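> Heads up: the sequence shown begins at -17 in this note's numbering, then just goes up one per residue. Every residue, glycine too, gets a C-beta built ideally from N, C-alpha and C. Fair warning: this is a prediction, and the values are worked out from it, not measured in the lab. The structure that follows is given in the form of structure tokens.
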Amino acid sequence: MPLPTQSPDDLAAPAHAAAILDFWFADGLALGWPSRDLSVQWFGTDAALDRQIDQQFGPWVRLAQAGGLQDWEQDAAPGATPAGIPGGTRLALILLLDQLSRNMFRGTAQAFAGDARAQRLVSNALAQGLDARLPWIARVFLYMPLMHAEHLALQDECVRRFSALAAQVPAALQARIASHLDFARQHRDIIIRFGRFPYRNAALGRANTAQEQKFLKKGPRFGQ
């Protein structure tokens, strides 16, 4: 689907980044964690939601995958703190590349087309200490591109970050972060075993090994 008639400059207005953050986190950025359960939106498989995301945010996802929205990478850019979140435009860009893309293009190679850029953005953010300045729930999704990486070093970093987060959150959030840490370890174990995620093979045109075939019969697919 082509981009709409708005120019890239129109699409890059910081107000759009704020809308992405509001949609994904609801009141979570203000409260540290959303007041209502968003786990189905975040981690479920819902064709209607996938279509809604395409209709509502498709132009921004496609522009991000094409290398656009570069101003959103710069925390010092005008309007770079939507919702008062440091680096908020960068966080919105990461969501486009790593989360909303998986909804829009579920089961296809394009679901992963933004992963490399998202991982680069996250690595730069961590090097700058951005995560320490973010609300708890924002840190969870800042680390997610590491969990999606088919690189063991990034998987190790993901487990380290979630382990550190688990030691910092208040007691009311410890079970939630422990669950994310468990998923991080599961993803890392798959990369240790196969060097890649076998459940992506069909979408990416990769042939399965015999061991991957066995894994796919009963192993997790994490929504893809």
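Are residue 47 and residue 95 close, meaning C-beta to C-beta below 7 Å?
Within the sequence shown, numbered from 1, the residue matching residue 47 stands at position 65. Within the sequence shown, numbered from 1, the residue matching residue 95 stands at position 113. Going by C-beta atoms, residue 47 is nearer than 7 Å to residue 95.
> Count the other CB atoms, across all protein chains shown, that sit within 10 Å of the CB of residue 81; report buried if there are 16 or more and exposed otherwise.
Taking the first residue of the sequence shown as position 1, residue 81 is located at position 99. Buried, by the Cβ-count rule.
> Put residue 67 into one of helix, strand or coil per three-state DSSP.
Taking the sequence shown and counting its residues from 1, one reaches residue 67 at position 85. In this structure, residue 67 counts as coil in the three-state DSSP scheme.
> Near residue 74, which residues of its chain fall below 6 Å by C-beta distance, leaving aside the five closest residues on each side in sequence?
As a first step, residue 74 must be located in the sequence shown, where it is residue number 92. Once the five neighbours on either side are set aside, the close Cβ partners of residue 74 are -1, 2, 3.
> Taking its Cβ as the centre, do 16 or more other Cβ atoms sit within 10 Å of residue -16, making it buried, or is it exposed?
Taking the sequence shown and counting its residues from 1, one reaches residue -16 at position 2. Caution is warranted here: a pLDDT of 41 is assigned to residue -16, below 50, making its placement in the model unreliable, and no coordinate value can be reported.
> Could you say which of 84, 144, 187, 193 lies nearest to residue 175 if we only look at CA atoms?
Walking along the sequence shown from the start, residue 175 turns up at place 193. Answer by Cα proximity: 193.
> Nearest to residue 34 by CA position, among 72, 172, 6, 53, is which residue?
Locating residue 34 in the sequence shown gives position 52, counting from the first residue. Among 72, 172, 6, 53, the Cα nearest to that of residue 34 is on 6.
> Whose C-beta lies closer than 8 Å to the C-beta of residue 189 among residues of the same chain, with five residues either side of it excluded?
Sequence index remark: in the sequence shown, residue 189 carries index 207 (1-based). Around residue 189: 183.
> Do the stretch 104 to 121 and the stretch 135 to 149 touch if we need at least three Cβ pairs shorter than 8 Å?
Taking 8 Å as the limit for Cβ pairs, the verdict is that the stretch 135 to 149 does touch the stretch 104 to 121.
> Residues in the same chain with beta-carbon distance under 7 Å from residue 15, minus the five sequence neighbours each way, listed in chain order, please.
Taking the first residue of the sequence shown as position 1, residue 15 is located at position 33. Contacts found: 118, 119, 155.
> Along the alpha helix (DSSP H) that carries residue 83, what are the first and last residues, could you check?
Translated into positions along the sequence shown, residue 83 becomes position 101. Where residue 83 is concerned, the enclosing alpha helix (DSSP H) stretches over 83 to 86.
> In three-state terms, what does DSSP make of residue 89?
Taking the first residue of the sequence shown as position 1, residue 89 is located at position 107. Three-state result, residue 89: coil.
> So residue 136 and residue 128 are in contact, right, with Cβ under 8 Å, and what is the actual spacing, rounded?
Taking the sequence shown and counting its residues from 1, one reaches residue 136 at position 154. Taking the sequence shown and counting its residues from 1, one reaches residue 128 at position 146. 5 Å between Cβ atoms; contact.
> Report the residue from 108, 125, 56 whose alpha carbon sits nearest the alpha carbon of residue 77.
Translated into positions along the sequence shown, residue 77 becomes position 95. If we check each option's Cα against that of residue 77, 125 comes out closest.
> How is the alpha helix (DSSP H) around residue 102 delimited, first residue to last?
If you number the sequence shown from 1, residue 102 lands on position 120. Note, residue 102: alpha helix (DSSP H), 97 to 109.
> Suppose the cutoff is 8 Å on Cβ atoms and the five residues either side in sequence are ignored; what does the same chain contact list for residue 103 look like?
Position 121 of the sequence shown, counted from the start, is the residue given in the question as residue 103. Taken in chain order, the residues that qualify are 55, 72, 75, 76, 79, 127.
> The ligand MN heavy atoms versus the CB of residue 177: any closer than 6 Å?
What this structure holds is no ligand at all, so the ligand MN is not there to describe.
> Put residue -14 into one of helix, strand or coil per three-state DSSP.
For the purposes of this step, residue -14 is taken as residue 4 along the sequence shown, with counting starting at 1. Residue placement at residue -14 is flagged as unreliable, the pLDDT there being 47, under the threshold of 50; a coordinate-derived value is accordingly withheld.
> Do you know how far the Cα of residue 111 is from the Cα of residue 42?
Along the sequence shown, one-based indexing puts residue 42 at 60. Along the sequence shown, one-based indexing puts residue 111 at 129. When rounded, the distance between both Cα atoms is 26 Å.
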